[in-house]
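Heads up: the structure comes next, in structure tokens.
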Amino acid sequence: MKKRVLFIALGMLIAVFTTSNIYAQPFGFSGSFDFLTEGVWRNLQIILMFILGGDEIFTGELLFIKFLIFLLTLVILISALKKVPTIGENERVNRVIALLIALIAARYLTTEAMINLIWLPYGALGVLLSSLLPLIIYFFFIESLGSSFLRKVGWVAFGFIYLGLAYSRWSDFAIGGQWWQNLAMMYIGITIVSVIILIFERKINRMLIVSAIKKGDETQRILLRNDLQKDLDAINRALANPGLSSKEAGKLQDEKKRIQQAISRLN
Numbered sequence: 335m336k337k338r339v340l341f342i343a344l345g346m347l348i349a350v351f352t353t354s355n356i357y358a359q360p361f362g363f364s365g366s367f368d369f370l371t372e373g374v375w376r377n378l379q380i381i382l383m384f385i386l387g388g389d390e391i392f393t394g395e396l397l398f399i400k401f402l403i404f405l406l407t408l409v410i411l412i413s414a415l416k417k418v419p420t421i422g423e424n425e426r427v428n429r430v431i432a433l434l435i436a437l438i439a440a441r442y443l444t445t446e447a448m449i450n451l452i453w454l455p456y457g458a459l460g461v462l463l464s465s466l467l468p469l470i471i472y473f474f475f476i477e478s479l480g481s482s483f484l485r486k487v488g489w490v491a492f493g494f495i496y497l498g499l500a501y502s503r504w505s506d507f508a509i510g511g512q513w514w515q516n517l518a519m520m521y522i523g524i525t526i527v528s529v530i531i532l533i534f535e536r537k538i539n540r541m542l543i544v545s546a547i548k549k550g551d552e553t554q555r556i557l558l559r560n561d562l563q564k565d566l567d568a569i570n571r572a573l574a575n576p577g578l579s580s581k582e583a584g585k586l587q588d589e590k591k592r593i594q595q596a597i598s599r600l601n
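If you want my numbering, it's the 1-based position in the sequence shown plus 334.
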């Protein structure tokens, strides 16, 4: 229940922040709803600035980023404090300490440069994952094809597409005067990765097949070990029978040793 309330509150905050940004644009709608949204967002800014600290520069997007850093710190601290002896055993104390430390950490972020220092790596991670995701999806799709010729044609086409994207958007993505100061270099990098995969395509496909076979072998090993353990339990129950003859007990002991050796080899 508490988690639902937290997520609902966070969702409402994000919605108000997004809506206020939309209606702040020149193409936004005017009227009473615009005025209401702006008023709610201003009040939220005052509350967040009081809790998280800051001055007049911490408004709008910068204040929202500071709030997200506070949430991220809080979640990490709650998870980390659970591993601390004594403190981690008391969930309420754990949450209070995590909340206090997260608030102190957020209030310590007093300049825009400090916030960007923390936030920019996450932006870079998002850009990297967004750029590599098409490559990852395409990789598993192409490598699932049975024909080696089709796989190679697919990688050639993929490389040419990204090379064409880099060529057509080179001037749009330029961020500096040097050739390497261009965001389209990510497209060039993916093209190079495609060429490398094309060269070693046969080895890569063979490695994927071997990996799939090993996963199947591991599953069969687990099932066989489970069946042997059941047989071993049955033998132990039979050996516990007082009416068992010495000859029968000897045979069961031999079978027990054989099963134990087999289980040890499977482990």
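C-beta: ideal position from N, C-alpha, C; glycine also.
Between the C-alpha atoms of residue i and residue j, what's the straight-line distance to the nearest angstrom?
i, j, result
"G584", "K591", "11 Å"
"I452", "I403", "8 Å"
"L433", "W513", "47 Å"
"L573", "L469", "60 Å"
"N601", "Q587", "21 Å"
"G457", "I556", "43 Å"
"I524", "G511", "22 Å"
"F384", "F507", "40 Å"
"G460", "L466", "10 Å"
"Q554", "R540", "21 Å"
"I495", "P455", "28 Å"
"L386", "F474", "45 Å"
"P576", "K549", "44 Å"
"F492", "K537", "19 Å"
"Y357", "L405", "Confidence in Y357 is poor, its pLDDT being 46 and thus under 50, which makes the residue's placement too unreliable to answer from."
Closest to residue i by C-alpha separation, out of the options, would be which residue?
i, options, result
"E477", "A546, I431 and W514", "A546"
"S605", "N516, F474 and A447", "In this structure the chain extends from 335 to 601, so residue 605 is not present and cannot be described."
"L566", "Q594, S481 and T553", "Q594"
"I543", "M519, L397 and G480", "G480"
"M519", "V529, L497 and N539", "L497"
"I471", "S413, L382 and S528", "S528"
Check the DSSP bridge columns for residue i and list the partner residues they point to.
i, result
"W516", "The sequence shown places Asn at residue 516, rather than the Trp named in the question. For N516, which the question treats as bridged, DSSP gives the partners A508."
In this structure, how does DSSP classify residue i when only helix, strand and coil are distinguished?
i, result
"G523", "helix"
"T407", "helix"
"T420", "coil"
"A574", "coil"
"S364", "Here the model assigns S364 a pLDDT of 47, short of 50, so the residue's position is not dependable, and the following value carries that caveat. Coil, per DSSP."
"S579", "coil"
"I391", "Any reading at I391 must be qualified, since the residue scores a pLDDT of 49, below 50, and its modelled position is unreliable; the value itself is stated next. In this structure, I391 counts as coil in the three-state DSSP scheme."
"L443", "coil"
"L562", "helix"
Would you kindly check if the distance between the Cβ of residue j and the Cβ of residue i is under 8 Å?
i, j, result
"I531", "W489", "yes"
"E589", "I569", "yes"
"L408", "A436", "yes"
"E425", "K486", "no"
"G422", "L411", "no"
"I522", "A500", "yes"
"N597", "R559", "Sequence check: residue 597 is Ile here, not Asn. For I597 and R559, yes; Cβs fall inside 8 Å."
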